[in-house]
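I have placed the structure first, in the form of structure tokens, so that the comments after it can refer back to it.
Protein chains in written order, with the numbering used here: chain P, 91 to 444; chain C, 91 to 444.
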């Protein structure tokens, strides 16, 4: 396919009403890529249609009682529940803190809903709630309300957690994929793919041992430092679907091209090695403590310098630029001087990563 | 056991640190009764300890940006997903709307997190989101943010939904179990137990056919009318564990006796009949559109008159009074002039009722 044909296809797809072709839910519908996007647009947006929901950002901005709040939710079904660097508990707290943070909010309060499988060890539940409490303390938030349901053996998988969060917007700024424009710079906050690869190794699906841990962490301070330092267009945490998915959504929403310089993308050798074994591209692998930010191109160096002063941003790097053409596409300039299109994720190479 | 011995046991239990005796989660931990209470106190409150969480109300009252908000969450795992009178979708929306309402808040915004099982029919998901949208429209709230995860076949049960809600407290009143005092009147908003019995019949576990539907409904208008009319101490929706559980929590929190007049409790004959077949007491059976309110005893008639003017309160009735002694107990005066103690629910006769 030529680039023109690709663009034409994208344009046609955009004009079409999104439609779920499958009659039954597949794992790909939960992967954060193309199928998830279609399901969200064709089923959820179709049903709930309203102006707060429709930006489909990580959180919803609410006007309540004169203040501006952000409200967000995420369900966590990660398997295994415990893995190097964390567990489903801190993953859930950090994930919700991060969803609030990347919307520009100061995270304040969380709720937690547990769906437990009959037979789940109470000691494991204690370990999970302990991690949640520690993560909440680290992020300066409180878990203020919750719920517990129990399902029969074989109707769950130990423990699923759904966290929701409320934060407050204290800055008078507007962040969003559609704010991005040509000339902007694309930054990632640190080495990518560590959470996803850690989970794959913890499942024993790779016959390797690696000195690697999940990157799960609360990024609210790092995001706040960035917002205080330079003009920022958008921030998104690169979870399911990884950096590639975030950049595709930016390219499509802002009708710009995102050109990524492959050698500039920070990836640890062990992650690269594991991805090669798995046949994965690290750009699609989930992080749980890394984000993508697009900033005014004139302030790219200042942005990176600011981020590197924070422990969670030590590996921050400019990885690409925003151009006008071809709109809607993410292009990767490889180490060998070639260029290829980085599409939205199809299928689910890494189910239940978060 | 004499009443004195019962009181002594309760007092001893109160002084003891709550402790989960079981090593593994059982269905009873999700039933809303004694085991759920112990799990919440011994594991969740122990881990998350903070002054907003500890009233353990249906929602948390937050001071945000000068306003007072209520924040709540509930996970729904009802089986079957579709039943006479509703489905998991409107159940989830109404449940969260009601949790906000009984805290005295005006419900505003909801989030929805879906955990779908691989193979779940997309048509069923559409039906559920359609019900959610209709219920949200009826209650005047918007679903503004969400999340979808997919788990492998055999790790879920079609569809679980976790809804969270944000509402605003517009009245300058304090509601709570501990506000109840001797002389107050206990009101239920309508016939009880219809949701629970409908679910049991829908499961085919009872070989009866009955003209009965779930009472799932949003009670925010009815609660608001009541709050505007009379001095109200507390309002709680009588879901898992039913009216008996709510009254036990009131009796213990306020250190009062709640004396229920059995013949005054509105129960439809078909519900009574089904409960007899199942060996259940309707006082423990879940409702999803009924609530318990305790009001100033001098205003009991006005309260009931106000409620009966609303379609969802047509069956409202005073069912009991609050007395000083014996503190911490719920007593039932039966039709035959006897008195028995109505304890917290033990075990789970009706798993996955909501």
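Each residue gets a CB set at the ideal place from its N, CA and C atoms; glycine is no exception. Note that this is a predicted model, so its numbers are computed, not measured.
- Under the three-state reduction of DSSP output, residue 282 of chain C falls in the coil class, being neither helix nor strand.
- By the neighbour-count criterion, in which 16 or more other beta carbons inside 10 Å mark a residue as buried, residue 432 of chain C falls on the buried side.
- Neighbours of residue 150 of chain P across chain C, judged by C-beta separation under 8 Å: 199, 201, 234 and 235.
- Less than 9 Å divides the Cβ of residue 120 of chain P from the Cβ of residue 330 of chain P.
- Your pair residue 344 of chain C and residue 271 of chain C checks out as a contact, with CB atoms roughly 7 Å apart and the cut at 8 Å.
- As a beta-bridge residue in DSSP terms, residue 211 of chain C pairs with P:114.
- The residues 275, 320, 322 and 393, in chain order, have a CB closer than 6 Å to that of residue 385 of chain P in the same chain once the five nearest residues on each side in sequence are set aside.
- Judged by their CB atoms, residue 356 of chain C and residue 282 of chain C are nearer to each other than the 9 Å cut-off.
- For residue 110 of chain P, same chain residues with a beta-carbon under 7 Å away, outside a window of 5 residues either side, are 128, 129, 132 and 133 in chain order.
- If you compare the alpha carbons of C:422, C:187 and C:214 with that of residue 112 of chain P, the shortest gap goes to C:214.
- The segment 251-268 of chain C makes contact with the segment 175-194 of chain C: 3 or more CB pairs, one atom from each, lie closer than 8 Å.
- Restricting attention to P:342, P:443 and P:440, the CA atom closest to the CA of residue 421 of chain P is found in P:342.
- Taking a 10 Å sphere around the C-beta of residue 441 of chain C, we find 16 or more other C-beta atoms and assign the residue as buried.
- Between residue 377 of chain P and residue 287 of chain P a beta carbon distance of about 10 Å is seen, past the 8 Å cut, so the two are scored as non-contacting.
- Only 240, 241, 242, 244, 245, 246, 247, 250, 252, 254, 256 and 258 from the segment 240-262 of chain C bring a Cβ to less than 8 Å from some Cβ of chain P.
- Chain order gives the chain P residues near residue 119 of chain C as 206, 238 and 240, where near means a beta carbon separation below 8 Å.
- By the Cβ criterion, the segment 150-164 of chain P is not in contact with the segment 215-234 of chain P, since fewer than three pairs of Cβ atoms, one from each stretch, lie closer than 8 Å.
- Residue 443 of chain C and residue 240 of chain P do not touch by the CB rule: their CB atoms are close to 11 Å apart, not below 8 Å.
- Contact check for residue 193 of chain C against residue 296 of chain C fails: the beta carbons are separated by 9 Å or more.
- For residue 282 of chain C, no Cβ of chain P is located within less than 9 Å of the residue's own Cβ.
- As far as DSSP is concerned, residue 108 of chain C takes part in no beta bridge.
- Within a 10 Å sphere around the beta-carbon of residue 359 of chain C sit fewer than 16 other beta-carbons, which makes this residue exposed.
- Taking all protein chains in view, the Cβ of residue 302 of chain P is crowded by 16 or more other Cβ atoms within 10 Å, so the residue is classified as buried.
- A residue is called buried once 16 or more other Cβ atoms fall within 10 Å of its Cβ, and residue 326 of chain C is buried on that count.
- Against residue 133 of chain C, the close residues of chain P are 212, 215, 216 and 219, in the order they occur along the chain (beta-carbon pairs closer than 8 Å).
- Looking at the DSSP output, residue 429 of chain C shares a beta bridge with C:423.
- For residue 235 of chain C, there is no enclosing alpha helix (DSSP H); the residue is part of the beta strand (DSSP E) that begins and ends at 232-241.
- A direct Cα-Cα distance of roughly 11 Å separates residue 262 of chain P from residue 317 of chain P.
- Contact of residue 222 of chain C with chain P is assigned, a C-beta pair being separated by under 9 Å.
- Among the residues of chain C, those whose CB is under 9 Å from the CB of residue 442 of chain P are 239, 240, 241, 242 and 245, following chain order.
- Residue 164 of chain C sits buried, since 16 or more C-beta atoms from the chains shown fall within 10 Å of its C-beta.
- Residue contact check for residue 136 of chain C against chain P: a CB pair falls below 9 Å.
- Counting along the chain, no beta strand (DSSP E) covers residue 339 of chain C; the unbroken alpha helix (DSSP H) around it starts and ends at 332-344.
- A straight line joining the alpha-carbon of residue 300 of chain P with that of residue 260 of chain C spans about 55 Å.
- Taking 9 Å as the CB threshold, residue 226 of chain C lines the interface with chain P.
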